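A.B. asks:
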Amino acid sequence: MRVAAWNVNSITARLPRVLAWLESARPDVLCLQELKSTTDTFPAEDVRALGYEVAAYGTGRWNGVAILSRVGLDDVARGLPDEPDYEGAREARAITATCGPVRVCSVYVPNGREVDHAHYAYKLRWLGALAESAAGDAAGRLPYAVLGDFNIAPTDADVWDLAAFEGATHVSARERAALDLLREAGLSEVVPRALKYDVPFTYWDYRQLAFPKNNGMRIDLVFGTPVFAAAVTDAYVDRDERKGKGASDHAPVVVDLEI
DNA sequence: ATGCCTCTGGGGCAGAGA
1 MRVAAWNVNS ITARLPRVLA WLESARPDVL CLQELKSTTD TFPAEDVRAL GYEVAAYGTG
61 RWNGVAILSR VGLDDVARGL PDEPDYEGAR EARAITATCG PVRVCSVYVP NGREVDHAHY
121 AYKLRWLGAL AESAAGDAAG RLPYAVLGDF NIAPTDADVW DLAAFEGATH VSARERAALD
181 LLREAGLSEV VPRALKYDVP FTYWDYRQLA FPKNNGMRID LVFGTPVFAA AVTDAYVDRD
241 ERKGKGASDH APVVVDLEI
């Protein structure tokens, strides 16, 4: 089966490309992030017409996550147990569901903004809640994976120029250490294979010709249980989806499994 | 050409993205 994750930067703005990609790549499960829609305004009918069930979770202008599946969609959980608030509000950043033979969690980890910003402390707390939730699902009977936009580059090689990130979020030790909590929960990273370049970046800023220069970051990640990881036959970034007019600033991460 | 930022809400332009 094929499982994928894609930060679409507005499902409304990206709908034509998402529908076309569903038809061409035919993932069995697609985890979406940064919907910028509400649960109710997600264009579910367009997706259903292609044979996908939809579980969306969004509150409006920012954030929002969804899971699309054509192999079943059950036991949906919106948000995380013991999830922290930001400025008094719970944000739509995680949704979990069982899709046929696997259980998946689609995540949009908080950005953090600056390391001394309240949003960064929130990012670390949120990752702690994610690890707790993931530990529970990892102990379940199904192969399980957490995938989506982590807003963390796991290693120094995962940004185009480390000097450009001096003192910045996405590369700091504390957020990378928060990824270790997922590893302690029994999950390991499924790293996509390199395609055109050595590092399979997943994000390129819209500004300053970042994509043509390959000034990218690898921040959209997949963490799976041992059974999930052992079933992986291929993993890659579909960087063609970053090309052309009307692209998201993220490309889909695709994982093929023998399950 | 992989091409100089894009999205949303609201009705300006500010905030967020990373």
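Note that this note's numbering gives residue 121 to position 121 of the first sequence, counting from 1, and the numbers run on in steps of one. Glycine is no exception: its CB is placed at the ideal position from the N, C-alpha and C atoms. None of these values were measured; they are calculated from a predicted model.
Could you tell me which of VAL76, GLY186, ARG14 and PRO27 sits nearest to PHE42, measuring between CA atoms?
C.D. replies: ARG14
A.B. asks: If you check the beta carbons only, do LEU142 and ALA94 fall under 8 Å apart?
C.D. replies: no
A.B. asks: Can you check the stretch 65 to 145 for any alpha helix (DSSP H) of at least 4 residues that lies completely inside it and give the ranges in chain order?
C.D. replies: 118 to 138
A.B. asks: Which term fits ARG26, buried or exposed, when burial requires 16 or more other beta carbons within 10 angstroms of its beta carbon?
C.D. replies: exposed
A.B. asks: Who are THR38's beta bridge partners in DSSP?
C.D. replies: THR59
A.B. asks: Going by DSSP, which residues form a beta bridge with GLN33?
C.D. replies: ASN7 and VAL65
A.B. asks: Looking at C-alpha atoms only, which residue of VAL71, LYS36 and LEU50 is the closest neighbour of ALA56?
C.D. replies: LYS36
A.B. asks: For the beta strand (DSSP E) that PHE223 lies in, which residues bound it at each end?
C.D. replies: 220 to 224
A.B. asks: Taking all protein chains shown into account, do 16 or more other C-beta atoms lie within 10 angstroms of the C-beta of TYR197, making it buried, or fewer, making it exposed?
C.D. replies: exposed
A.B. asks: Mind checking LYS123: buried by the 16 CB within 10 Å criterion, or exposed?
C.D. replies: buried
A.B. asks: Less than 8 Å separating the beta-carbons of VAL29 and VAL3?
C.D. replies: yes
A.B. asks: Look up VAL54 in the DSSP assignment and say whether it is helix, strand or coil.
C.D. replies: The DSSP-derived three-state label of VAL54 is strand.
A.B. asks: So, for GLY140: in the same chain, excluding its five sequence neighbours on each side, which residues have a beta-carbon less than 7 Å away from its beta-carbon?
C.D. replies: ARG103
A.B. asks: Might you give, ordered along the chain, the residues of its own chain that have their beta carbon closer than 6 Å to the beta carbon of LEU147, omitting 5 neighbours on each side?
C.D. replies: ALA5, CYS31 and VAL222
A.B. asks: In angstroms, rounded to a whole number, what distance separates the CA positions of GLU166 and VAL255?
C.D. replies: 32 Å
A.B. asks: Taking the alpha-carbon positions, what's the GLU258 to PRO101 distance?
C.D. replies: 11 Å
A.B. asks: Could you check if ALA92 is buried or exposed, using at least 16 other CB atoms within 10 Å of its CB as the buried criterion?
C.D. replies: That one is buried.
A.B. asks: Would the beta-carbon of ASP249 fall within 8 Å of that of ASP220?
C.D. replies: No, they are not a contact pair.
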